[in-house]
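One structure is given here, and the rest of the page talks about it.
Protein chains: 2
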Amino acid sequence: MTTTVGPASYFDPSRIEELDDRSAELVRRRDRDLGPAYRLFYEQPVHVVRGEGVHLYDPEGNEYLDCYNNVPVVGHAHPRVTEAIATQAARLNTHTRYLHEAVLRYSEDLLATMPGELGHVMFSCTGSEAVDLALRIAKYRTGRRGVIVTRNAYHGVTTETASVSPSLGGLHRLADWVRVVDPPAGPQGAQQFQLQVAQAAADLVAAGEGVAALLVDSIFTSDGILPEPAGLLAPAVAAVRDAGGLYIADEVQAGFARTGEAMWGFQRHGVVPDLVTLGKPMGNGMPVAATVVRPEVVAEFGPEVRFFSTFGGNPVSIAAAQAVLDVIHDEDLQQHAFTVGEQLRKGLRELATRHRAIVDVRVAGLFAGVQLADSDARPATGLALAVMNDLRRRRLLIGTAGLEDDVLKIRPPLPFSADDADRLVTELDNALTALSG
Amino acid sequence: MTTTVGPASYFDPSRIEELDDRSAELVRRRDRDLGPAYRLFYEQPVHVVRGEGVHLYDPEGNEYLDCYNNVPVVGHAHPRVTEAIATQAARLNTHTRYLHEAVLRYSEDLLATMPGELGHVMFSCTGSEAVDLALRIAKYRTGRRGVIVTRNAYHGVTTETASVSPSLGGLHRLADWVRVVDPPAGPQGAQQFQLQVAQAAADLVAAGEGVAALLVDSIFTSDGILPEPAGLLAPAVAAVRDAGGLYIADEVQAGFARTGEAMWGFQRHGVVPDLVTLGKPMGNGMPVAATVVRPEVVAEFGPEVRFFSTFGGNPVSIAAAQAVLDVIHDEDLQQHAFTVGEQLRKGLRELATRHRAIVDVRVAGLFAGVQLADSDARPATGLALAVMNDLRRRRLLIGTAGLEDDVLKIRPPLPFSADDADRLVTELDNALTALSG
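Protein sequence lines correspond, in order, to chains A and B.
This note's numbering numbers the first residue of the first sequence as 1 and each following residue consecutively.
This note's numbering numbers the first residue of the second sequence as 1 and each following residue consecutively.
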């Protein structure tokens with residue numbers, strides 16, 4: 001057995017002796033039952049038994065401030081969502097081969113939040129499935145295979161979506177039909193991104209693949225959280241369309257009011273996608289996802305290939321999704337995300353004036369990236385992981401992002417309050433002070 | 001607009017004028033909201049608002065006997081399942097990057113129902129995802145791409161699983177790495193199947209692809225429901241292993257006590273798979289699925305590629321799955337499926353003595369296929385669809401299967417009673433009499 005030197009993103013199984021007995025037993029059972037593919041967050045894993053609002057609780061009743069999970073977008077165990085699930089599960093749960101009104105009401109409410117060009121919604125269960133379907137449709141529509149993604153993109157775990165997710169392990173080389181571009185960064189980001197997309201498109205054409213789609217997470221989560229400036233996607237979208245390709249907006253991360261400025265991440269950039277993929281927050285934890293598409297894009301795929309997902313659009317998942325959409329509206333969570341996000345931005349920027357390790361603070365609503373570097377301006381991966389693990393000991397949960405894992409990823413449930421933001425900034429201050437001491 | 005001549009599997013949108021106003025409005029909204037990929041069962045779609053046990057109800061309170069849906073395996077809205085979902089949803093719903101005991105307890109209970117060689121379980125949300133992951137693992141393990149499936153196989157709707165599902169539309173040609181074999185039928189079925197699998201394997205080797213896996217639905221649902229004789233899979237499994245390939249048992253259809261004779265379809269055939277895929281009935285409608293695997297098969301994939309599904313193995317889905325497993329055990333549904341299945345077999349065989357159109361009756365537990373042919377022994381597709389639509393008017397829901405859609409597919413929730421079986425046989429008798437009159 002080897003021991004990892006320094007902090008890690010994931011629990012190192014060789015350090016099982018350092019855990020309390022109860023956690024150690026669960027880790028042993030995980031290894032035995034689930035096998036070697038599964039990993040736990042943090043050097044010291046968190047054992048959760050209950051959630052409420054922005055808090056998670058361990059078996060001893062310790063409270064954790066959840067600054068990480070975007071899936072419970074309206075808060076852990078939101079009573080309106082759990083009530084909707086319970087009521088519908090006791091009544092009916094079946095599929096879309098029968099008539100059922102709820103899926104239509106939800107579709108109409110969802111489509112009403114998007115530009116009019118996006119006319120149809122197709123339901124599946126996970127973001128992976130939503131992106132997989134978007135790629136199937138884009139390839140069928142264009143008759144071409146080429147897909148352009150960013151350097152550290154993550155879009156899913158099906159065979160197809162893993163192929164366009166360079167951030168995953170096991171991709172020894174990219175498929176012939178995939179081209180990778182740098183994510184947009186810095187003041188010239190939009191232009192450089194456009195140039196690279198145009199170049200990748202030309203390369204795909206030259207290789208005989210042609211361009212099916214540009215697929216981007218509207219907030220570049222795994223590339224390090226890059227929301228700024230608003231509008232930066234527009235030139236690249238124009239470039240891919242010039243090459244005959246479609247633009248797929250992956251909203252699994254940026255969607256559902258997260259950015260505060262808009263319901264959907266792409267709206268901040270003034271573009272209208274050909275396809276939009278939705279996942280994680282859509283059902284507050286219920287497996288539900290969707291591919292939203294312009295009608296003309298699915299006009300042939302629909303009748304010729306068809307699509308049916310047994311669980312996609314089932315009444316219980318839809319009940320959860322409807323409650324989420326209603327709560328976002330009724331609790332004005334988009335405005336809330338904007339307001340608290342701006343406060344968080346101020347707090348983080350103030351920290352940056354005192355901690356030299358913070359070299360950039362990027363915020364859009366309740367999605368923040370805090371980039372860390374060492375004194376030679378190199379990515380401070382070790383420090384970022386140490387901060388994450390230190391905050392976990394202080395019972396605040398965050399993650400990391402970026403090709404070098406040098407960006408603190410802050411992405412709480414949207415009911416995150418001004419006080420929660422203050423607490424996070426204070427504890428981050430403490431962690432950075434302690435670690436640089 | 002064209003009108004379809006004769007009976008159809010799916011509702012023909014050009015016949016919307018024949019529907020009642022309420023159904024017609026829902027159909028119009030579906031077309032507008034969901035687009036052209038979605039289809040409805042039956043010439044006259046069913047509008048469902050409630051389910052209980054083996055019954056579904058429309059808005060007028062009409063009761064339908066559900067002889068079709070295997071997803072609600074322990075019965076629609078089973079109180080133990082709905083209670084488990086409601087309780088857990090109100091408590092916590094998160095992911096497997098934190099420690100949580102329920103997923104381990106369920107894994108252990110599930111693995112205890114399988115041969116000891118199958119040691120790890122990996123969770124996802126749909127059968128498509130479970131098969132997709134099984135193929136990823138098989139290809140990684142063998143370093144080869146070749147996959148052998150049956151002529152009318154259905155294994156999912158992701159890009160990868162659709163590639164091995166010739167029963168879907170839109171597959172203008174099979175991928176280079178897919179080979180199709182005839183499903184086993186007739187007294188020489190097992191040997192012919194072995195021969196074809198061996199030949200397909202040799203062909204894949206000759207083509208430079210090599211063999212990654214033989215992937216089969218353990219009851220050949222979409223090929224027409226072919227359960228007999230028990231043991232028929234063994235020679236083909238040996239053949240694929242001789243060629244260095246793995247055997248993936250797709251238990252999305254045959255699993256969870258359906259066949260009465262065993263918990264898993266592969267057990268009837270005396271084989272132990274390398275990978276097993278689970279889906280539809282696993283959570284009684286909650287989106288939950290799994291890939292069960294021999295530890296040695298995932299030993300490299302696990303640490304090198306890893307796998308994480310945000311919703312896979314979440315506490316609410318697992319609570320539903322645990323309740324399903326417990327109910328199958330506590331209500332002795334496997335024995336029940338066997339007993340009622342044998343009665344159904346007798347009733348269907350008796351019908352076959354009086355209706356010449358019935359040329360074969362194939363039953364394993366509560367999964368029955370009734371094959372229909374015309375007087376020249378040709379597949380009676382039209383009659384099968386007419387029977388299905390006639391039974392729907394009599395408020396019994398069945399489906400069809402087989403390359404030619406000439407097989408009545410009967411696959412009710414497992415609490416289907418002896419009286420339900422009698423009613424089905426009686427109404428099928430009436431339908432056949434009416435349609436041949």
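Even glycine gets a Cβ: it sits at the ideal position worked out from N, Cα and C.
Ignoring anything shorter than 3 residues, give me the beta strand (DSSP E) runs that lie fully in the region 102 to 163 of chain A, in order along the chain. 120 to 124 and 146 to 150
Out of B:Ala320, B:Leu275, B:His120 and B:Arg258, which has the shortest C-alpha to C-alpha gap to B:Arg411? Your numbering for residue 411 of chain B matches position 411 in the second sequence. Comparing Cα-Cα distances from B:Arg411 to each of B:Ala320, B:Leu275, B:His120 and B:Arg258, the minimum goes to B:Arg258.
Does the beta-carbon distance from B:Pro403 to B:Arg151 come in below 9 Å? Residue mapping note: residue 403 of chain B aligns to position 403 of the second sequence, counting from 1. Residue mapping note: residue 151 of chain B aligns to position 151 of the second sequence, counting from 1. The amino acid occupying residue 403 of chain B in the given sequence is Leu; Pro does not appear at that position. Yes, the pair counts as a contact, with Cβ atoms nearer than the cut-off.
Report the residues of the region 265 to 297 of chain B with a CB closer than 9 Å to any CB of chain A, ordered along the chain. Gly279, Lys280, Gly283, Asn284, Gly285, Met286, Pro287, Val288, Ala289, Val293 and Pro295
Considering only residues of the same chain and omitting the five flanking positions on each side of B:Leu110, which have a CB-CB separation below 7 Å? Taking the second sequence and counting its residues from 1, the one referred to as residue 110 of chain B is at position 110. Here the set comprises Val121 and Leu325.
May I ask you to list, following chain order, the residues of the region 47 to 66 of chain B that have a beta carbon less than 8 Å from some beta carbon of chain A? His47, Val48, Val49, Arg50, Gly51 and Leu56
For B:Leu408, report the span of its beta strand (DSSP E) as first-last. The count along the second sequence starts at 1 and reaches residue 408 of chain B at position 408. Residues Val407 to Ile410.
In the DSSP output, which residue or residues are listed as bridge partners for A:Tyr57? Taking the first sequence and counting its residues from 1, one reaches residue 57 of chain A at position 57. Looking at the DSSP assignment, A:Tyr57 forms a beta bridge with A:Arg50 and A:Glu63.
When the Cα atoms are used, what is the spatial distance from A:Ala323 to A:Ile398? Locating residue 323 of chain A in the first sequence gives position 323, where the first residue counts as 1. Locating residue 398 of chain A in the first sequence gives position 398, where the first residue counts as 1. Their Cα atoms are separated by approximately 26 Å.
At which residues does the alpha helix (DSSP H) containing A:Leu372 begin and terminate? Locating residue 372 of chain A in the first sequence gives position 372, counting from the first residue. First-last for A:Leu372: Phe367 to Leu372, but that is the beta strand (DSSP E), not the alpha helix (DSSP H).
If I measure Cβ to Cβ from A:Arg442 and keep anything under 6 Å in the same chain, skipping five residues before and after, which residues do I get? This structure cannot speak to residue 442 of chain A, because chain A is shown only from 1 to 437.
Segments of 4+ residues assigned as alpha helix (DSSP H) that fall wholly inside the region 189 to 228 of chain B: 189 to 206
Where A:Ile85 meets chain B, residues with beta-carbon distance less than 8 Å: As a position in the first sequence, residue 85 of chain A is number 85, starting the count at 1. Under the 8 Å cutoff, chain B gives Ile85, Ala86, Ala89 and Val316.
Using the beta-carbon of each residue, which ones in chain A are nearer than 7 Å to B:Val71? Mapped onto the second sequence, residue 71 of chain B falls at position 71. The contacting residues are Thr310.
Pick out the complete alpha helix (DSSP H) segments inside the region 235 to 309 of chain B, 4 residues or longer, and give them in chain order. 301 to 305
Are the beta-carbon atoms of A:Glu251 and A:Ser218 separated by less than 9 Å? For the purposes of this step, residue 251 of chain A is taken as the residue at position 251 of the first sequence. For the purposes of this step, residue 218 of chain A is taken as the residue at position 218 of the first sequence. Yes. Within cutoff.
Considering only residues of the same chain and omitting the five flanking positions on each side of A:Val359, which have a CB-CB separation below 6 Å? If you number the first sequence from 1, residue 359 of chain A lands on position 359. These residues qualify, in order along the chain: Gln371 and Ala373.
Is B:Leu40 close to chain A, meaning its C-beta is less than 9 Å from at least one C-beta of that chain? Here residue 40 of chain B refers to the residue found at position 40 when the second sequence is read from its first residue. Cβ-Cβ to chain A under 9 Å: yes for B:Leu40.
Taking only the alpha-carbon atoms, compute the straight-line gap between B:Pro59 and A:Leu92 and give it to the nearest angstrom. Walking along the second sequence from the start, residue 59 of chain B turns up at place 59. Walking along the first sequence from the start, residue 92 of chain A turns up at place 92. Straight-line Cα distance between these residues: approximately 12 Å.
When you compare only the Cα positions, how much space is there between A:Ala8 and B:Gly255? On the first sequence, position 8 is the one that residue 8 of chain A refers to. On the second sequence, position 255 is the one that residue 255 of chain B refers to. A:Ala8 and B:Gly255: Cα-Cα distance of roughly 40 Å.
Mapping DSSP to helix, strand and coil, what is A:Gly399? Translated into positions along the first sequence, residue 399 of chain A becomes position 399. Three-state DSSP puts A:Gly399 in a strand.
Just by C-beta distance, which residues in the region 93 to 108 of chain A are closer than 8 Å to chain B? Asn93, Thr94, His95, Thr96, Arg97, Tyr98, Leu99, His100, Glu101, Val103, Leu104, Ser107 and Glu108
Between the C-alpha atoms of B:Val271 and B:Leu214, what's the straight-line distance to the nearest angstrom? As a working mapping, residue 271 of chain B is identified with position 271 in the second sequence. As a working mapping, residue 214 of chain B is identified with position 214 in the second sequence. One C-alpha to the other measures close to 13 Å.
I need the DSSP call for B:Leu325, collapsed to helix, strand or coil. Taking the second sequence and counting its residues from 1, the one referred to as residue 325 of chain B is at position 325. B:Leu325: helix per DSSP, three-state reduction.
Please tell me whether B:Gly127 has its Cβ less than 9 Å away from any Cβ of chain A. Start at 1 with the first residue of the second sequence, and residue 127 of chain B comes out as number 127. Yes - at least one Cβ of chain A is within 9 Å of the one on B:Gly127.
Taking 9 Å as the CB-CB cut-off, is B:Glu160 touching chain A? Locating residue 160 of chain B in the second sequence gives position 160, counting from the first residue. Interface residue, yes.
Out of curiosity, what's the CA-to-CA distance linking B:Gly347 and B:Asp422? Along the second sequence, one-based indexing puts residue 347 of chain B at 347. Along the second sequence, one-based indexing puts residue 422 of chain B at 422. Answer to the nearest angstrom: the Cα atoms are 7 Å apart.
Between the region 309 to 318 of chain B and the region 331 to 348 of chain B, do at least 3 Cβ pairs fall closer than 8 Å? no
9 Å is my cut-off, CB to CB: does B:Arg356 come that close to chain A? Taking the second sequence and counting its residues from 1, one reaches residue 356 of chain B at position 356. Output row for B:Arg356: interface = no.
If we define contact as Cβ-Cβ less than 9 Å, is A:Met122 a contact residue for chain B? Start at 1 with the first residue of the first sequence, and residue 122 of chain A comes out as number 122. Yes, contact with chain B.
Rounded C-alpha distance that separates A:Ser165 from A:His155: What you label residue 165 of chain A is simply residue 165 of the first sequence in a count that begins at 1. What you label residue 155 of chain A is simply residue 155 of the first sequence in a count that begins at 1. Spanning the two alpha carbons is a distance of roughly 6 Å.
Is any beta-carbon of chain B found at less than 9 Å from that of A:Asp132? In the first sequence, the residue the question calls residue 132 of chain A occupies position 132. So, interface residue.
Return the first residue and the last residue of the alpha helix (DSSP H) that B:Asp420 is part of. Walking along the second sequence from the start, residue 420 of chain B turns up at place 420. That run of the alpha helix (DSSP H) goes Ala418 to Ser436.
Could you give the C-beta distance for B:Ala37 and A:Gly302, rounded to a whole number, given that I count them as a contact under 8 Å? By one-based count along the second sequence, residue 37 of chain B stands at place 37. By one-based count along the first sequence, residue 302 of chain A stands at place 302. B:Ala37 to A:Gly302, Cβ: 4 Å. Contact.
Using a Cβ-Cβ distance cut-off of 9 Å, determine whether A:Leu135 contacts chain B. Residue mapping note: residue 135 of chain A aligns to position 135 of the first sequence, counting from 1. Closer than 9 Å: yes.
Starting from A:Ile358, trace the beta strand (DSSP E) both ways and give me its first and last residue. Reading the first sequence from its first residue, position 358 is the one you call residue 358 of chain A. Ile358 to Ala364 is the span of the beta strand (DSSP E), which, as asked, contains A:Ile358.
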